[in-house]
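Heads up: the structure comes next, in structure tokens.
Here it is in structure tokens:
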């Protein structure tokens with residue numbers, strides 16, 4: 002038996018919106034301590050990893066580990082039934098064939114229920130090693146979103162360069178070339194801060210199209226954390242207050 | 008422009 006109730010259902014709605022363009026069918030892992038999922042996109046270029054702790058739920062019960070195979074596209078359609086102020090409850094029996102999703106609005110007394118059919122997914126076994134990232138950049142999520150969006154109109158690829166003084170996003174295209182450079186800024190106004198933790202400088206190229214997809218999660222978190230290592234994929238991380246973390250992994254583009 | 012790499016060599020368990 003699994004049951005989890007989230008008071009701020011909007012968070013779950015936003016999470017589904019933030020991953021639905023990247024992954025289609027996903028195995029959701031339910032454990033007594035929380036909910037997690039990990040899945041690659043069909044081109045194997047990007048990976049989504051979500052971890053939600055039971056502590057963030059108003060009520061959480063999972064007697065055993067369970068795997069729920071879900072079509073994210075269909076889950077997104079069901080989530081449209083939820084009002085932004087709804088509480089959301091997820092329920093599944095042992096050996097479940099469907100996931101029951103309940104939306105409740107205590108103010109308006111409206112309740113919506115949907116039984117989403119589960120599917121069997123042959124998922125790849127992913128193993129993400131613990132990695133020490135040599136550059137970690139914490140940046141306002143809205144600002145990072147805007148930088149990626151505007152640079153995409155100028156080029157398909159961005160080169161991210163880090164060093165102890167700044168992080169630089171540079172593009173080169175038919176229009177011309179240029180860069181946005183952000184220095185370390187620990188100003189009192191928290192939302193303006195850009196925090197650089199660089200032990201080794203990194204220079205890598207990435208497809209901006211994917212960064213734009215990841216940035217749909219910017220409404221979940223005030224800050225985006227970029228974790229870089231010269232020999233590793235980029236990690237774009239959004240902390241969800243009191244609940245968990247949504248991470249995206251992106252393979253670099255390699256010059257020949 | 009660089010060539011797009013895949014995540015498989017990094018993360019796919021064999």
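Chains as they are written, first to last, in our numbering: chain B, 2 to 257; chain F, 8 to 21.
Using N, Cα and C, we set each Cβ at its ideal position, and we do this for glycine too.
From a predicted model like this one, the values you see are computed outputs, not experimental measurements.
(Q) Does residue 2/B pass the burial test, meaning 16 or more other C-beta atoms within 10 Å, or should it be called exposed? (A) Numbered from its first residue, the first chain carries residue 2/B at position 1. Residue environment for residue 2/B: exposed (fewer than 16 other C-beta atoms within 10 angstroms of its C-beta).
Q) Does the beta-carbon of residue 150/B have 16 or more other beta-carbons within 10 angstroms, so that it is buried, or is it exposed? A) As a first step, residue 150/B must be located in the first chain, where it is residue number 149. Label assigned to residue 150/B: exposed.
Q | Whether residue 168/B touches residue 183/B by CB criterion (7 Å) | A | By one-based count along the first chain, residue 168/B stands at place 167. By one-based count along the first chain, residue 183/B stands at place 182. Cβ distance < 7 Å, so residue 168/B and residue 183/B count as in contact.
Q) Distance, Cα to Cα, residue 24/B vs residue 125/B? A) Translated into positions along the first chain, residue 24/B becomes position 23. Translated into positions along the first chain, residue 125/B becomes position 124. If you draw a straight line from the Cα of residue 24/B to the Cα of residue 125/B, it comes to about 13 Å.
Q.
Let me confirm a value: residue 209/B is counted as buried when at least 16 other C-beta atoms fall within 10 Å, else exposed. Which label applies?
A. Position 208 of the first chain, counting from 1, holds the residue named residue 209/B. By the 10 Å Cβ count, residue 209/B comes out buried.
Q.
Taking the alpha carbon of residue 43/B as the reference point, which residue from 21/B, 203/B, 17/B, 148/B has its own alpha carbon closest?
A. Residue 43/B sits at position 42 when you count from the first residue of the first chain. The shortest C-alpha to C-alpha distance from residue 43/B to any of 21/B, 203/B, 17/B, 148/B is the one to 21/B.
Q. Can you find at least 3 beta carbon pairs, one from the region 45 to 60 of chain B and one from the region 132 to 150 of chain B, that sit closer than 8 Å?
A. Result no; under three Cβ-Cβ pairs closer than 8 Å.
Q: Report yes or no: is there a C-beta of chain F within less than 7 Å of the C-beta of residue 4/B?
A: Within the first chain, numbered from 1, the residue matching residue 4/B stands at position 3. No, because no Cβ of chain F sits closer than 7 Å to the Cβ of residue 4/B.
Q.
Cβ closer than 7 Å: which chain F residues qualify as neighbours of residue 125/B?
A. Here the question's residue 125/B lines up with position 124 in the first chain. Among the residues of chain F, those whose CB is under 7 Å from the CB of residue 125/B are 19, following chain order.
Q.
Using only CA atoms, which one of 6/B, 15/B, 241/B lies nearest to residue 102/B?
A. Numbered from 1 along the first chain, position 101 holds the residue referred to as residue 102/B. Ranking 6/B, 15/B, 241/B by Cα distance to residue 102/B puts 6/B first.
Q) How would you write the range of the alpha helix (DSSP H) that residue 18/F sits in, first residue to last? A) If you number the second chain from 1, residue 18/F lands on position 11. Annotation: the continuous alpha helix (DSSP H) that includes residue 18/F extends over 15 to 18.
Q) Since residue 25/B sits in a beta bridge, which residues does DSSP pair it with? A) For the purposes of this step, residue 25/B is taken as residue 24 along the first chain, with counting starting at 1. Bridge partners of residue 25/B: none, in fact.
**Q.** Uninterrupted beta strand (DSSP E) stretches inside the region 10 to 94 of chain B (no shorter than 3 residues)
**A.** DSSP runs (the beta strand (DSSP E)) wholly in the region 10 to 94 of chain B: 26 to 32, 35 to 41, 47 to 54, 60 to 63, 67 to 72, 88 to 93.
**Q.** Rounded separation between residue 189/B and residue 166/B - CA only
**A.** Walking along the first chain from the start, residue 189/B turns up at place 188. Walking along the first chain from the start, residue 166/B turns up at place 165. Answer to the nearest angstrom: the Cα atoms are 19 Å apart.
Q. Would the beta-carbon of residue 18/F fall within 7 Å of that of residue 117/B?
A. Your numbering for residue 18/F matches position 11 in the second chain. Your numbering for residue 117/B matches position 116 in the first chain. Residue 117/B is positioned such that its CB atom lies no closer than 7 Å to that of residue 18/F.
**Q.** Alpha-carbon spacing of residue 88/B relative to residue 105/B, whole angstroms
**A.** In the first chain, counting from the first residue as 1, residue 88/B sits at position 87. In the first chain, counting from the first residue as 1, residue 105/B sits at position 104. So the two alpha carbons sit approximately 5 Å from each other.
**Q.** 6 Å CB neighbourhood of residue 28/B in its chain, flanking five on each side removed
**A.** Taking the first chain and counting its residues from 1, the one referred to as residue 28/B is at position 27. For residue 28/B, where only same-chain residues beyond five positions count, the Cβ hits under 6 Å are 68, 70, 122, 124.
Q. For residue 208/B, which of helix, strand or coil comes out of DSSP?
A. As a working mapping, residue 208/B is identified with position 207 in the first chain. When secondary structure is reduced to three states using DSSP, residue 208/B falls in the strand class.
(Q) Please classify residue 19/B as buried or exposed, where buried requires at least 16 neighbouring CB atoms within 10 angstroms. (A) Residue mapping note: residue 19/B aligns to position 18 of the first chain, counting from 1. Flag for residue 19/B reads buried.
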